[in-house]
Amino acid sequence: MAGSRMKLEFSRVIQGRSRLGVLKGLGRNGQDSMEVPGCLLYTHFGTVPHLTQDTLHTLSNLPSVTQVTLSNIAEHQEVLEEFKDGFRKFAGLHDTLLYCSLHDPAAPCPTGYTTNKTVSVWGSGGRIELTVAKFMALQKIVQPDWYQSMADGETWQNNTSRKRVRKSVDRTLTHLDECLVVHQNSQELDGVEVFGVVEGGDILEERVRSARETAKRPVAGFCLDGLQTGSMDQTLRTQLIAAVTKELPEDKPRLLQGVGRPDEVLACVEAGMDLFESFFPFQVTERGCALCFDFNISPDPERAVLELNGGERDTAGETQPNGDHNLDDQTQMTSFEIDLKDKRYQDDFRPLVEGCGCYCCKNHQRAYLHHLLVTNELLAGVLLMIHNTAHYHGFFGALREALANDQLDLLKDRVLRGRGGQTERKE
Amino acid sequence: MAAVIECGADIDTTPENHMSLKKTLSSASPLTLRIVAECSVTKARACDLVLPHCTVSTPVFMPVGTQGTLKGITVDQLEGLGCQICLGNTYHLGMRPGPDLIEKANGLHGFMNWKRNLLTDSGGFQMVSLVELSEVTEEGVKFKSPYDGKEILLSPEKSISIQNSLGSDIMMQLDDVVSSTVTGPRVEEAMHRSIRWLDRCIAANKNPDKQNLFAIIQGGLNADLRKTCLDEMTKRDVPGFAIGGLSGGEEKDDFWRMVTLSTDHLPREKPRYLMGVGYAVDLVVCVALGCDMFDCVFPTRTARFGSALVPWGSLQVKHKQYAKDLQPIDPDCKCPTCKRHSRAYLHALFKSDTAAMHHITIHNIAYQLTLMRSVRQSIVEGHFPEFIRTFMKRMFPSRDQYPSWAVDALASVNVTLE
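Protein chains in written order, with UniProt numbering: chain U, 1 to 427; chain A, 1 to 418.
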């Protein structure tokens with residue numbers, strides 16, 4: 001790999017940590033770019049859950065990079081091999097970059113199936129074991145713009161032993177070296193970028209070793225694995241990220257796997273992360289909820305008056321506090337969303353979020369969404385996914401704007417305030 | 001031409017008619033039927049049906065959006081496919097979210113944000129088919145709510161009151177539905193009762209200036225009963241007629257004869273709606289027999305099981321044989337699904353996401369609507385019989401596979417198939 005074309009150009013770095021910039025040189029022609037902090041477009045086999053291209057493209061400002069996973073793709077190796085033109089064309093995606101990861105961040109897979117030479121992914125037909133050879137054969141037929149190197153990421157559970165963590169770091173480095181050898185000898189992968197995977201569980205020294213060693217390899221960027229929501233609290237996560245990023249070169253992007261909650265995203269950006277996966281809006285959709293947290297920091301005189309008068313925000317009183325203390329269960333509702341199955345929305349003729357410009361909010365009311373959910377109608381998933389995707393990507397836009405204008409604290413205050421208010425009410 | 005009413009003098013005086021024959025001269029119903037073209041060979045016709053929300057080109061297939069939504073498709077997508085009228089089910093919507101809430105949301109149009117026309121059924125059919133504990137009396141249909149177990153009476157007045165709350169452009173009378181396979185005195189009773197209920201429905205309609213009430217011809221598979229029903233109902237001043245009680249598992253030979261008998265006696269200047277019919281062959285044949293409007297859950301329901309409708313029948317996307325098939329479902333189809341996706345991708349997507357169903361649903365609605373547009377065009381251009389022959393040739397691999405009922409039905413309207 002004669003030097004990666006992918007390059008991060010910063011417009012601003014705050015306190016040596018939060019990074020605002022543009023990831024350039026993307027795509028096989030090197031012409032595309034994406035802003036960071038940013039997130040990828042989450043999909044099932046190239047399709048944003050519930051959405052067709054028509055409904056997806058009611059959304060503007062979609063991320064330029066789409067994430068696909070080998071857990072979806074591996075079982076279709078044969079047809080893709082025959083197709084020859086890569087996954088993007090196979091899936092009817094014309095205008096997006098493709099990032100291929102190993103696992104689906106919203107579908108944690110069972111542990112206990114990795115060996116020295118293999119990792120396993122779970123598709124609709126069950127487990128598929130991947131060697132480096134098979135893993136690389138898949139990359140060659142998928143033809144992504146960039147992919148995550150093969151990794152042993154089974155150290156996220158509590159009480160994983162130091163020995164097991166060390167083994168995962170060693171294996172992951174070995175997989176990376178083997179992937180790179182195949183990569184460099186594959187014409188099909190010319191211009192495709194590899195992200196090395198940083199493992200190390202919750203053990204600081206192993207994290208540092210993994211980062212330091214991975215950084216020595218010719219990778220375009222880094223995936224931080226094993227830090228996902230549910231595996232540890234944010235304090236420890238922040239510590240580990242801070243230690244890891246110190247070992248990584250400044251100009252290469254860092255993708256954090258498995259973290260999507262807005263409060264956690266904010267903390268991780270502050271700790272130096274650049275890229276996230278957008279599985280969170282999907283999870284919110286699946287539980288029949290709508291994202292409603294406030295991220296608006298543009299000055300708005302009317303709003304300021306409202307606040308002076310102690311006016312309560314529209315949505316603050318409606319979110320139900322739970323989930324925050326339940327680290328293990330990602331299916332639990334968080335305080336960033338409202339549960340539209342709740343009876344109180346039965347005759348609520350307001351949009352999901354007042355002022356939201358998404359197709360759902362411009363055309364439908366909470367009462368209708370409530371009806372679709374209680375009658376189990378498929379359109380509920382479609383409309384919620386549209387709104388949640390719009391809201392979540394809007395949040396990332398606001399995050400970049402806040403970094404540009406030195407208003408990160410203000411944004412944090414906005415995003416977290418609903419939660420503070422919760423606690424008060426609860427007590 | 002607005003509904004022309006012949007009335008007054010020769011009202012027949014069977015006992016059923018004494019009730020409330022509310023015949024007024026030239027009531028201004030919110031419906032106009034303009035006959036654009038009539039086939040010179042068959043009974044087919046192409047019309048513009050002007051309804052409160054937009055003009056509908058007939059013959060028309062109306063997709064069914066049972067609970068105020070068309071199975072995973074947004075109203076914009078449905079509009080994009082050219083749909084001008086779709087259905088809502090009174091029974092389901094009356095239960096959840098209920099007429100009061102829908103009224104508050106400015107009717108079903110407002111609730112689901114659908115800008116074009118809606119037709120609602122009476123709720124009676126679901127009652128009989130879905131609810132086990134239902135009892136039909138002169139008063140109405142009595143049943144137990146599946147949601148809270150409460151006993152509910154769906155009377156003609158109640159059905160219309162709910163449909164008035166829904167605000168549909170076309171409402172259906174409550175009829176006494178008997179399975180088309182039942183014979184004997186029950187069928188006759190149901191036919192007469194349906195006539196009495198029609199009068200009660202007409203009287204109960206609070207919005208005759210905004211909502212059209214259609215009568216439903218009953219009479220089972222008995223030609224005499226059908227004829228009696230036709231005679232009676234056509235005396236009423238209703239803006240349109242449906243042919244009911246068919247498409248319920250009866251022999252196709254009986255089915256088409258009842259359809260053609262009905263269209264023979266229905267007034268030319270009013271729309272004719274054949275309920276529950278949606279298979280492509282049935283549509284084409286029944287257009288030839290003179291029907292204008294059709295509805296069926298089949299195209300959307302079958303889509304969710306991976307069955308895509310094509311000019312040569314159907315294609316089971318989930319079957320293994322399509323796993324590596326890189327063609328679109330139908331290479332000639334112009335729908336958003338066929339323009340972008342291959343059979344192989346859709347086959348694989350069925351294993352990963354529900355969006356696969358939406359793709360097929362969109363395709364199937366597009367298929368139905370395109371079929372009807374082609375039928376209409378051929379009627380307008382004067383070559384409908386030729387269209388039928390080409391259609392049948394494409395649908396069936398050989399002449400001997402043509403269903404005999406379709407051959408007979410078409411022969412009855414002067415179309416012979418080679």
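Note that beta-carbon positions come from the ideal geometry of N, C-alpha and C, so glycine has one too.
Check                                                                                                                            : Outcome
CB contact below 8 Å: D353 (chain A) versus chain U                                                                              : yes
Meets three-Cβ-pair contact criterion under 8 Å: the region 114 to 133 of chain U and the region 70 to 85 of chain U             : yes
Other residues of its chain near Q327 (chain A): CB distance less than 7 Å, five sequence neighbours each side excluded          : S342, R343
Minimum length 3: unbroken beta strand (DSSP E) runs contained in the region 106 to 177 of chain A                               : 117 to 120, 141 to 144, 151 to 154, 170 to 172
Whether R28 (chain U) touches V169 (chain U) by CB criterion (8 Å)                                                               : no
Proximity test, Cβ basis, 8 Å: T228 (chain A) and chain U                                                                        : no
Assumed close pair M34 (chain U), S64 (chain U) - CB separation to whole angstroms, cut-off 8 Å                                  : 5 Å
Secondary structure, beta strand (DSSP E): runs of 3+ residues fully inside the region 208 to 237 of chain U                     : 221 to 224
Range of the contiguous beta strand (DSSP E) that encloses T32 (chain A)                                                         : 32 to 38
Straight-line Cα distance separating T302 (chain A) from D12 (chain A)                                                           : Any reading at D12 (chain A) must be qualified, since the residue scores a pLDDT of 39, below 50, and its modelled position is unreliable; the value itself is stated next. So the alpha carbons of these two residues sit roughly 46 Å apart.
P144 (chain U) beta carbon less than 8 Å from that of L180 (chain U)                                                             : no
H44 (chain U) at chain A interface by Cβ criterion, 8 Å                                                                          : yes
Buried/exposed call for Q228 (chain U), threshold 16 Cβ in 10 Å                                                                  : buried
Residues within the region 49 to 64 of chain A neighbouring chain U, beta-carbon criterion of under 9 Å                          : none
F10 (chain U) versus P253 (chain U): straight-line alpha-carbon distance, rounded                                                : 11 Å
For A106 (chain U), the first and last residue of its enclosing alpha helix (DSSP H)                                             : Element bounds for A106 (chain U): n/a, residue is neither H nor E.
Residues bridged to I85 (chain A) [DSSP beta-bridge criterion]                                                                   : A:N117
Cβ-based contacts, 8 Å cut-off: residues of the region 104 to 120 of chain A near chain U                                        : K104, A105, F111, M112, N113
Contacting positions in the region 84 to 100 of chain A - beta carbon closer than 7 Å to chain U                                 : R96, P97
Assumed close pair L108 (chain A), L118 (chain A) - CB separation to whole angstroms, cut-off 8 Å                                : 6 Å
Helix, strand or coil at D199 (chain A) according to DSSP, with G and I counted as helix                                         : helix
Separation of V310 (chain A) from D294 (chain U), as counted between CA atoms                                                    : 48 Å
Chain A contact for F222 (chain U) (CB, 8 Å cutoff)                                                                              : no
Validate contact between the region 6 to 21 of chain U and the region 313 to 322 of chain A using beta carbons, cut 8 Å, 3 pairs : no
Selected residue, minimal CA-CA separation from L204 (chain U), among U:E250, U:F87, U:V165                                      : U:V165
Inter-residue CB distance, H265 (chain A) and L230 (chain A) (contact presumed, cutoff 8 Å)                                      : 4 Å
Interface residues of chain U facing R236 (chain A) [CB-CB closer than 7 Å]                                                      : What R236 (chain A) touches in chain U: nothing, since even the nearest Cβ is about 35 Å away.
Cβ contact check for the region 259 to 277 of chain A and the region 231 to 246 of chain A: 3 or more pairs under 8 Å            : yes
Any C-beta of chain A under 8 Å from that of R17 (chain U)                                                                       : no
Pairwise C-alpha distance: K7 (chain U) and F395 (chain U)                                                                       : 24 Å
8 Å Cβ cutoff, Y147 (chain A) in contact with chain U                                                                            : no
Neighbourhood of M30 (chain U) by C-beta distance below 6 Å, restricted to the same chain and skipping five residues each side   : First, the residue type needs correcting, since residue 30 (chain U) is Gly and not Met in the sequence shown. Only R5 meet the Cβ criterion.
Amino acids of chain A, ordered along the chain, whose beta-carbon sits closer than 8 Å to that of D347 (chain U)                : L101, K104
Reduced DSSP category for L410 (chain A) - H, G, I as helix; E, B as strand; rest coil                                           : helix
Between the CA atoms of N164 (chain A) and P385 (chain A) - distance to the nearest angstrom                                     : 41 Å
CB contact flag (H78 (chain A), T120 (chain A), <8 Å)                                                                            : Checking the displayed sequence, the identity of residue 78 (chain A) turns out to be Leu instead of His. Contact flag unset, no.
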